[in-house]
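**Q**
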DNA sequence: ACCTGAACACCGTTCAAGT
DNA sequence: ACCTGAACACCGTTCAAGT
């Protein structure tokens, strides 16, 4: 059975779950697939592209009716894979096109009357909070620091603050239309 | 003249400025200092510690009377070194104690009447936006993507949105006390 | 105290050659 | 088309040994 981008991505996810990002090397993935490292390069341009594929797989199937819900869905998806947020952070830095899940943020913001510009900038702010907050949680865990039991509250607090602020930009803060 | 943590940190900053984060290796720093790589380990525990020292040096001398000012000061400091935001992102992940500059955020938030909990969480949200936004700008530049001329506006937009949202949490959004 | 020299166990990536 | 084998140019870190 020939190798494929999908199998390679799944191998990456396996290594991530079991050993974390520090152990996610092309050579390790190849070993996991019982293949020479160079074989991977017929299917994938380089490690960066593979990380984008991996982050895309992690964030597939994220959805939410409203933004707080979507944000929690993204947090859950990232949290389901060890160091998932770090991989996503690198993927958004490497890829010009938005990752699934994150791509749903701007339309939801526009749906509440934000201009294209405000929705774009607001989406970035939200995205930064989501990715960095989960990365901080996961890094704390990786370093053996005890996990903050209030992490979900802290996460939601940030999401709500940003959404309120984006509403406030347009003077609609009194009626909580955004959530 | 014996080696020192300061000289090592400065060598790291030189390499960062000239060649960027991808070229910032212990071996490269050692070569720059005309010293064996192993010599560095007498002064520094490992690369992570050196990155924390480097980020600390980058963010030294950040100040601002209010939060939008402080945020711009941090942005300027990070922007002054190639891939500075990436280094800071790794440093905050690695170090339990806050970096200079970022450490000034919570007291400023408390100064406007936020509870300790709200100030702490709000500071994280602000910190995530600041670091991730500058990292995105710098990564876009590194990838040869044309720099967005509106980047400063986008940055300020996010800062203001978060501050308004934090104010809104306490019902003080009508009077713009935070800035 | 401070550094060298040599080694260990890795990396990502390329590319001719095989099938 | 798809993969192997071998190589290139690197990594971070350790540690005995020198001074």
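Protein chains in written order, with UniProt numbering: chain Z, 1 to 179; chain Y, 1 to 179.
All C-beta atoms, glycine included, are put in the ideal place defined by N, C-alpha and C.
On a predicted model such as this, the values are computed, not experimentally measured, just so you know.
1) Considering Cα atoms alone, identify which of 135/Z, 130/Z, 136/Z is closest to residue 69/Z.
2) Closer than 7 Å by C-beta to residue 28/Y: which residues in its own chain qualify, once you throw out the five before and the five after it? Chain order, please.
3) Using a Cβ-Cβ cutoff of less than 6 Å, which residues in the same chain neighbour residue 11/Z once the five nearest sequence positions on both sides are dropped?
4) Residue 145/Z versus chain Y: which residues are under 8 Å apart at the beta carbon?
5) Quick one: does residue 172/Y have its CB under 7 Å from some CB of chain Z?
6) DSSP on residue 112/Z, reduced to helix/strand/coil?
7) Quick check: the Cα distance between residue 123/Y and residue 4/Z, rounded to an integer number of angstroms?
8) What in chain Z is Cβ-close to residue 180/Y, meaning under 7 Å?
9) DSSP state of residue 52/Y, grouped into three classes?
10) Have a look at 54/Z, 66/Z, 96/Z and flag the residue whose alpha-carbon is nearest the alpha-carbon of residue 112/Z.
11) For residue 36/Y, which residues from the same chain have a beta carbon less than 7 Å from its beta carbon, with the 5 sequence-adjacent residues on both sides left out?
12) Please tell me whether residue 164/Y has its Cβ less than 7 Å away from any Cβ of chain Z.
13) Taking C-alpha atoms, which residue in 26/Z, 51/Z, 161/Z, 119/Z lies nearest to residue 39/Z?
14) Drop a sphere of 10 angstroms on the beta-carbon of residue 150/Y, count the other beta-carbons inside from all chains shown, and report buried for 16 or more, exposed for fewer.
**A** Well, looking at it:
1) Nearest of 135/Z, 130/Z, 136/Z to residue 69/Z, Cα basis: 130/Z.
2) Within the same chain, residue 28/Y has close Cβ partners 15.
3) Within the same chain, Cβ atoms closer than 6 Å to the Cβ of residue 11/Z are found at 29, 32, 33, the five residues on either side in sequence being excluded.
4) Per Cβ cutoff of 8 Å: 96.
5) Note that residue 172/Y scores a pLDDT of 48, beneath 50, so its modelled location is shaky; the value from the coordinates is reported in the next line. The C-beta of residue 172/Y comes no closer than 7 Å to any C-beta of chain Z.
6) In the structure shown, residue 112/Z falls within a coil segment according to DSSP collapsed to helix, strand and coil.
7) Looking at the two C-alpha atoms, the distance is approximately 44 Å.
8) Not covered by the structure: residue 180/Y. The range shown for chain Y is 1 to 179.
9) Three-state result, residue 52/Y: helix.
10) For residue 112/Z, the nearest C-alpha among the options comes from 66/Z.
11) Excluding positions up to five away in sequence, the list reads 30.
12) Put simply, the CB of residue 164/Y is near chain Z, with a gap under 7 Å to one of its CB atoms.
13) When only C-alpha atoms are compared, the closest one is 26/Z.
14) Exposed, since its Cβ has fewer than 16 Cβ neighbours within 10 Å.
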